[in-house]
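Numbering follows this note's numbering, in which position 152 of the sequence shown is assigned residue number 925; successive positions increment by one, without gaps. Beta carbons: idealized from backbone N, C-alpha and C, even for Gly.
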Amino acid sequence: MLDGWARRKLDPLLNRIAAGVARGGIGADAVTLAGCGIGLAAAALVAVGWFGIAFVLIVLSRLADGVDGAVARINGPTDLGGFLDIVLDFLFYGAVPLGFVLFDPAANGVAGAVLLFAFYVNGASFLTFAVMAEKRRLVSTARGSKSLFFTTGIAEAGETLAVFLLACLFPAWFPVLAYAFASITLYTALSRIVLAGRELR
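1. Does the distance from the C-beta atom of Pro983 to that of Phe876 stay below 9 Å?
2. Residues in its own chain within less than 6 Å of Ala843 by CB, not counting five upstream and five downstream?
3. What separation, rounded to the nearest whole angstrom, lies between the Cα atoms of Arg916 and Ala951?
4. In chain order, what residues of the same chain lie with their CB nearer than 7 Å to the CB of Gly839, ignoring the 5 residues before and after it?
5. Is it the case that the Cβ atoms of Ile831 and Phe954 are separated by a distance below 9 Å?
6. Measuring alpha carbon to alpha carbon, tell me which residue in Ala801, Ala962 and Thr901 is nearest Ala891.
7. Report yes if the C-beta distance between Ala986 and Phe828 is below 9 Å; otherwise report no.
8. Taking C-beta to C-beta, are Ile826 and Ser898 nearer than 9 Å?
9. With Ala940 and Phe873 assumed to form a contact (beta carbons below 8 Å), what rounded beta-carbon distance in angstroms separates them?
10. What's the gap between the Cα of Ile957 and the Cα of Cys809?
11. Compare the C-alpha of Ala725 against each of Gly800, Ala807 and Leu813 and name the closest.
12. I'd like the span of the alpha helix (DSSP H) that includes Ala879, first residue to last.
13. Given Pro870, which residues of its chain have a CB within under 6 Å of its CB, disregarding the five upstream and five downstream residues?
14. Should Ser834 and Ile799 be called a contact, given that it needs their Cβ atoms to be closer than 9 Å?
15. Within a Cβ cutoff of 8 Å, which residues of the same chain sit near Tyr893, ignoring the five residues on either side of it in sequence?
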């Protein structure tokens, strides 16, 4: 939901950064891998309670996630790049809640498990719809040019980032944030299932 607004605001900045990165001979896949590495470092810092530094690294990781697509548009997208982008995004999205669970299993364990369950269901609905859409040669530009069919929803990258950053600022709120965002994420998955029932008959 936030992604469309954020894209309009951030694309000029991301394009400028990407132009410099591409001129330096750095490919989109390298940016994707670097962004994932930074994100995993953030999750590790969450697990040991270094929330302030984790906050900064999460922002940098998601900045890289935006730059890699812009670099790919300059150099030309590849199927491998699209694959890595999605898989490593999911790795990041799972790692940060796991970090909060490891930080305080007693307080965060159940809430973290519920959030990861919601991510699992939502990810399955997103990727399966994309496969079926490709089979039917459907096209979507709702979030710009993507390597696969991109269905939108309430819970997207922008909302996920906001929840992770709020949890870093207010770690004691993680259970409440996790339960609330799990509900939103499951609603997004349900809406995609309804969409599939309408579009894929």
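Walking through what the data contain:
1. What the structure shows of the chain is the stretch from 774 to 974, and residue 983 is not part of that stretch, so it cannot be assessed.
2. Locating residue 843 in the sequence shown gives position 70, counting from the first residue. Here the set comprises Leu787, Asn788 and Ala791.
3. In the sequence shown, counting from the first residue as 1, residue 916 sits at position 143. In the sequence shown, counting from the first residue as 1, residue 951 sits at position 178. Caution is warranted here: a pLDDT of 49 is assigned to Arg916, below 50, making its placement in the model unreliable, and no coordinate value can be reported.
4. As a first step, residue 839 is located in the sequence shown; it is residue number 66 there, counting from the start. If we look at Gly839 and ignore the five residues flanking it on each side, its Cβ neighbours are Leu783 and Leu787.
5. Locating residue 831 in the sequence shown gives position 58, counting from the first residue. Locating residue 954 in the sequence shown gives position 181, counting from the first residue. No; because the gap between Cβ atoms is not below 9 Å, this pair is not in contact.
6. Position 118 of the sequence shown, counted from the start, is the residue given in the question as residue 891. The shortest Cα separation from Ala891 among Ala801, Ala962 and Thr901 belongs to Ala962.
7. No answer is possible for residue 986: it lies beyond the span of the chain, which begins at 774 and ends at 974.
8. Position 53 of the sequence shown, counted from the first residue, corresponds to residue 826. Position 125 of the sequence shown, counted from the first residue, corresponds to residue 898. Cβ atoms of Ile826 and Ser898: not closer than 9 Å.
9. On the sequence shown, position 167 is the one that residue 940 refers to. On the sequence shown, position 100 is the one that residue 873 refers to. Contact flag correct, Cβ pair sits at about 6 Å.
10. Here the question's residue 957 lines up with position 184 in the sequence shown. Here the question's residue 809 lines up with position 36 in the sequence shown. So the two alpha carbons sit approximately 24 Å from each other.
11. This structure gives no information on residue 725, because the portion of the chain shown stretches from 774 to 974.
12. Looking up residue 879 in the sequence shown gives position 106. Start and end: Pro878 to Lys908.
13. Within the sequence shown, numbered from 1, the residue matching residue 870 stands at position 97. Gly885, Leu888 and Leu889.
14. Taking the sequence shown and counting its residues from 1, one reaches residue 834 at position 61. Taking the sequence shown and counting its residues from 1, one reaches residue 799 at position 26. Not a contact, by the Cβ cut-off of 9 Å.
15. Here residue 893 refers to the residue found at position 120 when the sequence shown is read from its first residue. So the list is empty, once near-sequence residues are dropped.
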